[in-house]
Amino acid sequence: MKSNNYQITVDIEPISRRLFYNENETFYELLINSGIRVQSLCGGKGTCGKCKILVQEGMKFLNPPTNSETKYLTKSEIRENWRLACQCRVKKPQIQSVKTHQTPQLRIFIPKDILGEEFKILTSGKSKKINLNPNVKKIYVEINKPNLENPVPDIERILSSISSIKDNIGIKSGISFEIDTIRKIPLVLREDQHRISLTLYNNKKFIDCEAGNKTEDCFGIAFDIGTTTLVGYLINLHNGKIYSIASALNPQTAYGEDVISRITYVKDNPAGLPKLNSILVDSLNSIIKETCTKANVSTSQIYEATIVGNSVMHHLFLNINPTYIGLSPYVPALKSDLNIKAKDVNLEISRSGYVYVLPVIAGFVGADTMGVIISSEIDKETELTLAIDVGTNGELVIGNKDALFTGSCAAGSALEGAHIQHGMRAAAGAIDTLKINPSDFSVEYTTINSKKPIGFCGSGIIDVVAEMLRAKLLTRSGNFNKEFINHERIVKEEKETKFILVNKDDTPIKRHITISQSDVRELQMAKGAFFSGARLILNHLNRVNNSNLEIKQILLAGAFGNYINKKNAKFIGMIPDIPDEKLFQIGNAAGIGAQNCLLNVDLRKKARRLQEQIHYVEIAVDKDFQKEFASAMYFP
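The sequence shown: position 226 = 228 (this note's numbering), numbered continuously.
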């Protein structure tokens, strides 16, 4: 607390920072507000148990452990002074004691597994060849100079010079100039002997001008705004080439891991919406600067940005309240695509630049799913195809050239580590692949960036459960097999059965990395949501078309879909069991869709057309949901 002549300071180890404590704030809020990123999947609500800290000094000055802490911390951890950062704060009497100059000494240690590190962010994807037809292009013209005999105004001379070529470059009749462009023309035109490059928007408006031939210096940036990660692609609109890519963790994760948490934050905090909007836009602007620095390009040379994201990210980017997306009947504020000025959403590209936001489909199925459809061209397939964008929020599309059906399932948070004791995002030190020897239950694994293990990410937990099933450690129902209950790797802690994956001596967190019975249940619910969601959408398709079709191929999109072991995903019943040669990992398909719409304006028309044709299925209210979900919880 900092006020007048008294203050409480908190020393943060191992990063050697000293912070000023503000009255009533939790240590999680203290850290986040000071720019120290710590892992929390619930946004500081005490429902995930991830933000563990060790109080090294000053425990007596803090509030006693809360119900959340007794739930997520073991008794031994509580005895050792472990706390959840989001649950502990300085007690009121200590605040008062500061005023009498009796300052408490506080020191906390943040373990490596919850300190923010570099994350594994997928930026690549499989793109099909498209024709280059951007919404923004530059035209170079040489203008006749005026004279006393023919003192024609600058604008008229420019229009006269382009009249002979306008049909070749697609310029529409009734072309206009933005006022900022008109203001620049007199000086720019005379800077290089009346040689000028004009930036044309939508074939009908000149939005900028430069001296000389600058036709190749025309850029756009495509953004994939994910719930967890952000990716930006800087693309030359003259030749269609990607010049640089940058990515970042979505800063909104500090306020909630999933879209429901973000909606709740907006609903419960008067300043919640502008806060989530501003930190998101700030991060996008940082990505813009990073891509430009890498490519030696000026931000003023970026004339358009395209945006994909789920419905909630779409609304938060546009500073639109997303509350009613989360309440029945799950209605967004708008579905249509948007063309808006970049300055109206505070994106730091060209002053005259524009932003194109792809259309939302319905409910939680947003512009990111439209991006997947555009890039994968599932609407052109002859075989019935399932596309799954596996992220924090999972979207599914089933269809072919005849029809498309879509829906969403809340399954991704478990795959991001939520509610799983040693689960974590795909960061350095996360176990991402694993094998178990069925003869002695020994474990082999790899970790991201080859760091010592501190937990396991989504692809890792798929492998863990698949391998435990193969080794007969788990039954089809997901229970631990009683036949092996006395094995040295199987322990009972806090009345729960756990399998030791990594011994505490082999990890920097100095605790066993385990998978528990409740962890297995979390995965069962996640995989059950995906499988039952696909089954229910397929049922809708068959009812509408009076058919009996089955899924013939699967497209796995998104970071999780790109990195998982396909055979293991099938083995545990997360996705339908189809031949391996019909299962394709297509990378960041949503981001590729944003790129494609940046490079070919005709695809925007296609997106609008598809939006009207796609059938949306509200999976959770389907009459067969409970039955299908319960069935899908079992392992095959």
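Virtual Cβ for every residue (Gly too), placed ideally from N, Cα, C.
(message) Considering only DSSP beta bridges, list what Asp-391 is partnered with.
(response) Answer is Glu-397 and Ala-559, bridged to Asp-391.
(request) List in chain order: all unbroken alpha helix (DSSP H) runs of 4+ residues lying wholly within the region 553-624. (result) For the region 553-624, the continuous alpha helix (DSSP H) assignments of 4+ residues that do not extend past its boundaries occur at 560-565, 568-573, 591-601 and 604-615, in sequence order.
(message) Suppose the cutoff is 7 Å on Cβ atoms and the five residues either side in sequence are ignored; what does the same chain contact list for Val-154 look like?
(response) Result list for Val-154: Pro-148, in chain order.
(request) Determine the direct distance from the alpha carbon of Leu-318 to that of Asn-7, and round the result to whole angstroms. (result) Note that Asn-7 has pLDDT 42, beneath the 50 cutoff, so the model's placement of it is unreliable and the number below is only indicative. Rounded to the nearest whole angstrom, the CA to CA distance from Asn-7 to Leu-318 is 40 Å.
(request) Would you tell me roughly how many angstroms separate the C-alpha atoms of Tyr-326 and Val-333, rounded to the nearest one? (result) In a straight line, the C-alpha of Tyr-326 is about 6 Å away from that of Val-333.
(message) I'd like to know whether the C-beta atoms of Gly-560 and Asp-434 end up nearer to each other than 7 Å.
(response) It is not a contact, given that the beta carbons lie outside the stated cut-off.
(request) Taking only the alpha-carbon atoms, compute the straight-line gap between Gln-9 and Phe-63 and give it to the nearest angstrom. (result) Rounded to whole angstroms, Gln-9 to Phe-63 spans 14 Å at the Cα level.
(message) For Pro-253 and Phe-486, I'd like the C-alpha separation in whole angstroms.
(response) For Pro-253 and Phe-486, the distance between alpha carbons rounds to 44 Å.
(message) Does the region 587-605 come into contact with the region 371-379, if we say contact requires no fewer than three beta-carbon pairs (one atom in each stretch) closer than 8 Å?
(response) Taking a cut-off of 8 Å for Cβ pairs, the region 587-605 and the region 371-379 touch, as three or more such pairs fall below it.
(request) Please determine if the region 256-268 and the region 33-52 are in contact, where contact requires at least 3 C-beta pairs separated by less than 8 Å. (result) In short, these stretches touch, since the Cβ pair count reaches three.
(request) For Gln-107, name the three-state secondary structure that DSSP assigns. (result) For Gln-107, the secondary structure class from DSSP, reduced to helix, strand or coil, is coil.
(request) Go ahead and label Thr-183 buried or exposed: buried means 16 or more other beta carbons lie within 10 angstroms of its beta carbon, across all protein chains shown. (result) By the 10 Å Cβ count, Thr-183 comes out buried.
(message) Quick check on the burial criterion: 16 or more other C-beta atoms within 10 angstroms. Buried or exposed for Asp-579?
(response) Counting Cβ neighbours within 10 Å, Asp-579 comes out exposed, since fewer than 16 surround it.
(message) Suppose you measure from the CA of Lys-101 to the CA of Asn-24; what does that come to, to the nearest Å?
(response) Since pLDDT at Lys-101 reaches only 49, below the 50 mark, its modelled position is unreliable, and the value read off the structure follows with that caveat. If you take the alpha carbons of Lys-101 and Asn-24, they lie about 14 Å apart.
(message) Within a Cβ cutoff of 6 Å, which residues of the same chain sit near Ala-364, ignoring the five residues on either side of it in sequence?
(response) So the qualifying residues of the chain are Tyr-618.
(request) Provide the residue span of the alpha helix (DSSP H) that contains Glu-79, from first to last. (result) It spans 77-81 - the alpha helix (DSSP H) in which Glu-79 sits, taken as one unbroken run.
(request) List the whole-angstrom C-beta distance separating Ser-518 from Lys-500, where the pair is believed to meet the contact cut-off of C-beta under 8 Å. (result) Contact between Ser-518 and Lys-500 holds: CB atoms are separated by about 4 Å, below the 8 Å threshold.
(message) In whole angstroms, give me the CA-to-CA distance for Val-367 and Gly-401.
(response) If you take the alpha carbons of Val-367 and Gly-401, they lie about 15 Å apart.
(message) Using only the alpha-carbon positions, how far apart do Gly-214 and Ser-163 sit?
(response) Straight-line measurement puts the Cα of Ser-163 at about 15 Å from the Cα of Gly-214.
(message) Within 10 Å of its beta-carbon, does Asn-17 have 16 or more other beta-carbons around it, so buried, or fewer, so exposed?
(response) Note that residue 17 is Ile in the sequence shown here, rather than Asn. With a threshold of 16 other beta carbon atoms within 10 Å, Ile-17 falls short and is exposed.
(request) Output the distance between the C-alpha atoms of Leu-585 and Leu-282, rounded to the nearest integer angstrom. (result) CA-to-CA, the gap between Leu-585 and Leu-282 works out to about 34 Å.
(message) Can you confirm whether the region 432-450 touches the region 530-547 when touching is taken to mean that 3 or more C-beta pairs between the two stretches lie within less than 8 Å?
(response) Pairwise C-beta distances place the region 530-547 out of contact with the region 432-450, as fewer than three of them are shorter than 8 Å.
(request) With DSSP as the reference, label Asp-260 as helix, strand or coil. (result) DSSP places Asp-260 in coil when its eight states are reduced to three.
(request) Select from Gly-419, Glu-469 and Phe-458 the residue whose C-alpha is nearest the C-alpha of Ser-441. (result) Nearest neighbour of Ser-441 by Cα position, chosen from Gly-419, Glu-469 and Phe-458, turns out to be Glu-469.
(request) Measure how close the beta-carbons of Lys-454 and Gly-431 come, nearest whole angstrom, since I'm counting them as under 8 Å. (result) Their Cβ separation, rounded to whole angstroms, is 6 Å, which keeps Lys-454 and Gly-431 in contact under 8 Å.
(request) Kindly list the residues whose CB is nearer than 7 Å to the CB of Glu-350, restricted to its own chain and excluding five residues on each side of it in sequence; keep chain order. (result) Only Asn-287, Ile-290 and Thr-301 meet the Cβ criterion.
(message) Tell me the residue span of the beta strand (DSSP E) that contains Tyr-447.
(response) Counting along the chain, the beta strand (DSSP E) containing Tyr-447 begins and ends at 445-449.
(request) Alpha carbon to alpha carbon, how far is Asp-284 from Asp-717? Give it in angstroms, no decimals. (result) The question about residue 717 has no answer, for the chain in this structure spans 3 to 638.
(request) Using only alpha-carbon positions, find the residue among Gln-526, Asn-241 and Leu-612 that is nearest to Met-635. (result) The residue with the shortest Cα to Cα distance from Met-635 is Gln-526.
(request) Check Glu-218 in the structure and name its three-state DSSP category. (result) In this structure, DSSP gives Glu-218 a state outside helix and strand, which the three-state scheme calls coil.
(request) Using alpha carbons as the reference points, say which of Arg-85, Ala-224 and Gly-535 lies closest to Lys-625. (result) Checked all of Arg-85, Ala-224 and Gly-535; the closest Cα to Lys-625 is Gly-535.
(message) Under DSSP, the beta strand (DSSP E) around Val-12 begins and ends at which residues?
(response) Note, Val-12: beta strand (DSSP E), 11-15.
(message) Report the CB separation of Leu-538 from Glu-630 in whole angstroms; it is logged as a contact under 8 Å.
(response) About 6 Å separates the two Cβ atoms, so the contact holds.
(request) Determine the burial state of Lys-130: buried for a count of at least 16 other Cβ atoms within 10 Å of its Cβ, exposed for fewer. (result) It counts as exposed.
(request) Look at the Cβ atom of Gln-303, then the Cβ atom of Asp-381, and state whether they are nearer than 7 Å. (result) No, the pair does not count as a contact, with Cβ atoms beyond the cut-off.
(message) Give me the residue from Lys-512, Glu-180 and Ile-80 with the minimum Cα distance to His-424.
(response) That would be Lys-512, whose Cα lies nearest to the Cα of His-424.
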